[in-house]
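Comments concern the structure below.
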Amino acid sequence: MTDLQSTYVTALKNTHALELQALQAMERQVERLERYPQMKAILEAHIEETKHQRDRLATALDGQGSSPSSVKEGALGIAGNLAAIFHAPAQDEILKNLYADHALENYEIAAYRSLIAIAERAGDTASVTAFRQSLAEEESMAARVAAQIEPVTATYLELTLSGETASR
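When you number the sequence shown by my numbering, it's gap-free, plus one each residue, and the end is 202.
Below, the structure written as structure tokens:
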């Protein structure tokens with residue numbers, strides 16, 4: 035039987051690794067968004083937020099006498115990079131990345147909501163405030179990504195139908 039403390043530490047490690055996956059995926063995408071400056075600006079801003087989120091999680095892990103999992107970090111970091119790499123050769127790369135970003139933001143929202151519930155149950159009230167800030171940032175990013183679906187799609191169509199390359 036697993037105790038609450040180890041369950042909490044596992045949730046912290048999982049969320050920290052998830053943020054690495056998101057960070058690496060966004061960093062790969064930003065490199066290829068010349069034709070989509072608004073989306074690029076949104077991702078660049080969230081990259082900075084994500085770095086702060088990882089710091090908050092690392093602080094909570096340290097407070098629990100633990101540290102990030104190198105195995106989880108490695109596996110999810112590779113996954114974040116691969117998603118962006120696999121989309122790169124496609125004409126509709128921007129759309130695939132947009133869909134993935136939308137899904138990932140909502141996944142992160144669920145992860146933070148769950149983490150907050152576990153942290154409260156574990157009595158780590160000091161970290162709950164930090165996690166609520168991360169949750170608010172993820173909810174804001176999810177809304178910003180959702181708001182880009184139609185404009186990015188319109189730009190993609192304009193470029194594609196005019197015979198230009200829609201990626202990059």
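Note that the Cβ used here is the ideal one computed from N, Cα and C, for glycine as well.
Secondary structure at Q63: helix, using DSSP grouped into helix, strand and coil. Here S174 carries a helix assignment [DSSP, helix/strand/coil].
DSSP places D37 outside both helix and strand once states are collapsed to three, so it counts as coil. Counting C-beta atoms within 10 angstroms of its own C-beta, K47 has 16 or more neighbours from the protein chains shown and is therefore classed as buried. Taking every protein chain shown into account, the CB of Q182 has 16 or more other CB atoms within 10 angstroms, so this residue is buried. A direct Cα-to-Cα measurement between E154 and A164 gives close to 12 Å.
Annotation: N140 to Y190 spans about 23 Å, alpha carbon to alpha carbon. By the C-beta density criterion, L95 is buried, having at least 16 other C-beta atoms within 10 angstroms. Rounded to whole angstroms, the separation of the alpha carbons of A145 and I128 is 25 Å. Secondary structure note for E82: its alpha helix (DSSP H) is the uninterrupted segment P71 to G97.
Between the beta-carbon of I152 and that of T41 there is about 6 Å, and that keeps the pair under the 8 Å contact cut.
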